[in-house]
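J.:
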Amino acid sequence: MSAYKHIDNRGKEIPLPLGKVVCVGRNYLKHIEELNNEVPSEPLLFMKPATALCSLKQPVIIPKDKGACHNELEVAVLIKSPLSNGSSEEAKNAIWGIGLGLDLTLRDVQSKLKAKGQPWERAKAFDYSCPVSQFIEKKHIQDYANLEFSLKVAGKLRQQGNTKQMIYSITDLIVEISKHFKLMPGDIVMTGTPEGVGPLCAEEQLEVTLENHFSVGTFVI
Ligand code: ZN
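So my numbering is basically just the index in the sequence shown, starting at one, shifted up by 1.
So, in structure tokens, the structure goes:
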């Protein structure tokens, strides 16, 4: 596993450091329904450390002895400038670009933690729990409030989402996050998963697609 770096759509390294990953839970209604969760009155936030990051172009490593590991394909936003208590305009200006990421989740572990009212890090923040794609620079994205993305597992469509189905938009999420945690250059915001989460198995082929921008193929080990 080579060290993770942010990469653009031409395969070039983006000159931003590695930072934290701020994740959003329960941002799509149909996903909330499939897990019988409540609709949140404000965005549900949690974090993954930089050690969770790896490239989607490398094999996706799932833990073998901790129960089901679920796919959650999400739009990932790469941050380019510091942001604290930002306005909508400042939030938009803080975005470098958009990619896709998997918020890998140990669902059995998470269910036990949820039942005990404990934090989710054991289920969400383990090493390589956040494989991410290349990032498309903001100027090449027409409208990030209307972006189609999908995940195929073993050749079958498992997740298909559009950012217009989000409860909280990308801009709203960045504004809200910046009220609680200062966002820094190189941080990534994972914006929540649409429905279709499910267990991944070793040797399954994965294909993630962001509209006509890119498709990345990989497999699970
Ligand atoms: Zn997620």
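For glycine and all other residues, C-beta sits at the position ideal for the given N, C-alpha and C.
#1: Taking the alpha carbon of LYS125 as the point to measure from, which residue in VAL25, LYS13, GLU14 and LYS6 has its own alpha carbon closest?
#2: Are the stretch 130–137 and the stretch 49–57 touching, with three or more C-beta to C-beta distances below 8 Å?
#3: What are the boundary residues of the beta strand (DSSP E) that includes VAL221?
#4: Given PRO50, which residues of its chain have a CB within under 8 Å of its CB, disregarding the five upstream and five downstream residues?
#5: With contact counted as at least three CB pairs below 8 Å, one residue from each stretch, are the stretch 77–92 and the stretch 168–177 in contact?
#6: Among ARG108, ASP109 and ILE80, which residue has its Cα nearest to the Cα of GLY98?
#7: Near ligand 1, which residues have their beta-carbon less than 5 Å from any of its heavy atoms, given in chain order?
#8: Specify the secondary structure class of ARG108 as computed by DSSP and reduced to three states.
#9: If we count the other Cβ atoms within 10 Å of its Cβ and call it buried at 16 or more, is HIS32 buried or exposed?
#10: Would you mind sorting GLY102 into buried or exposed? The rule is 16 or more other CB atoms within 10 Å of its CB.
#11: To the nearest angstrom, report how far apart HIS232 and ARG159 are at their CA atoms.
#12: What's the gap between the Cα of TYR169 and the Cα of PRO44?
#13: Quick test of your reading: LEU184 and LEU84, contact by CB under 8 Å. State the CB separation rounded to the nearest angstrom.
#14: Looking only at C-alpha atoms, which of LYS58, ASP109 and VAL221 sits nearest to ALA4?
#15: Tell me the start and end of each unbroken alpha helix (DSSP H) in the stretch 70–99 that is at least 4 residues and wholly inside, in chain order.
#16: Judging by CA-CA distance, which residue of GLY118, LEU46, GLY218 and ARG11 is the nearest neighbour of SER179?
#17: DSSP has THR210 in a bridge; who is on the other side?
#18: Hey, how far is the Cα of GLN111 from the Cα of VAL190?
#19: If you follow the alpha helix (DSSP H) that ARG123 is in, where does it begin and where does it stop?
T.: Once the coordinates are examined:
#1: Working through the sequence shown from its first residue, we reach residue 125 at position 124. Out of VAL25, LYS13, GLU14 and LYS6, VAL25 has the C-alpha closest to the C-alpha of LYS125.
#2: The answer is yes - the stretch 49–57 touches the stretch 130–137, with three or more Cβ pairs under 8 Å.
#3: For the purposes of this step, residue 221 is taken as residue 220 along the sequence shown, with counting starting at 1. Note, VAL221: premise wrong, no beta strand (DSSP E); not H, not E.
#4: As a working note, residue 50 is residue 49 in the sequence shown. Only LYS21, VAL22 and ALA126 meet the Cβ criterion.
#5: Under the Cβ criterion (8 Å, minimum of three pairs), the stretch 77–92 counts as touching the stretch 168–177.
#6: As a working mapping, residue 98 is identified with position 97 in the sequence shown. GLY98 has its Cα closest to that of ILE80, out of ARG108, ASP109 and ILE80.
#7: GLU73, ASP104 and THR194
#8: Here the question's residue 108 lines up with position 107 in the sequence shown. Of the three classes helix, strand and coil, the one that applies to ARG108 here is helix, per DSSP.
#9: Along the sequence shown, read from residue 1 onward, the residue named residue 32 stands at position 31. Result: buried.
#10: Numbered from 1 along the sequence shown, position 101 holds the residue referred to as residue 102. With 16 or more Cβ atoms within 10 Å of its Cβ, GLY102 is classed as buried.
#11: Residue 232 lies beyond the range of the chain shown here (2 to 222); nothing can be said about it.
#12: By one-based count along the sequence shown, residue 169 stands at place 168. By one-based count along the sequence shown, residue 44 stands at place 43. Straight-line Cα distance between these residues: approximately 7 Å.
#13: The sequence position of residue 184 within the sequence shown is 183, counting from 1. The sequence position of residue 84 within the sequence shown is 83, counting from 1. Correct: roughly 4 Å between the Cβ atoms.
#14: The residue given as residue 4 occupies position 3 in the sequence shown. Nearest C-alpha to ALA4: LYS58.
#15: You should have 89–94.
#16: In the sequence shown, residue 179 corresponds to position 178, counting from 1. Looking at the Cα atoms, LEU46 is the closest of the given residues.
#17: Here the question's residue 210 lines up with position 209 in the sequence shown. In DSSP, THR210 forms a bridge with SER151 and SER216.
#18: Here residue 111 refers to the residue found at position 110 of the sequence shown. Here residue 190 refers to the residue found at position 189 of the sequence shown. Those two C-alpha atoms are separated by around 20 Å.
#19: On the sequence shown, position 122 is the one that residue 123 refers to. From DSSP, the alpha helix (DSSP H) with ARG123 extends over 122–125.
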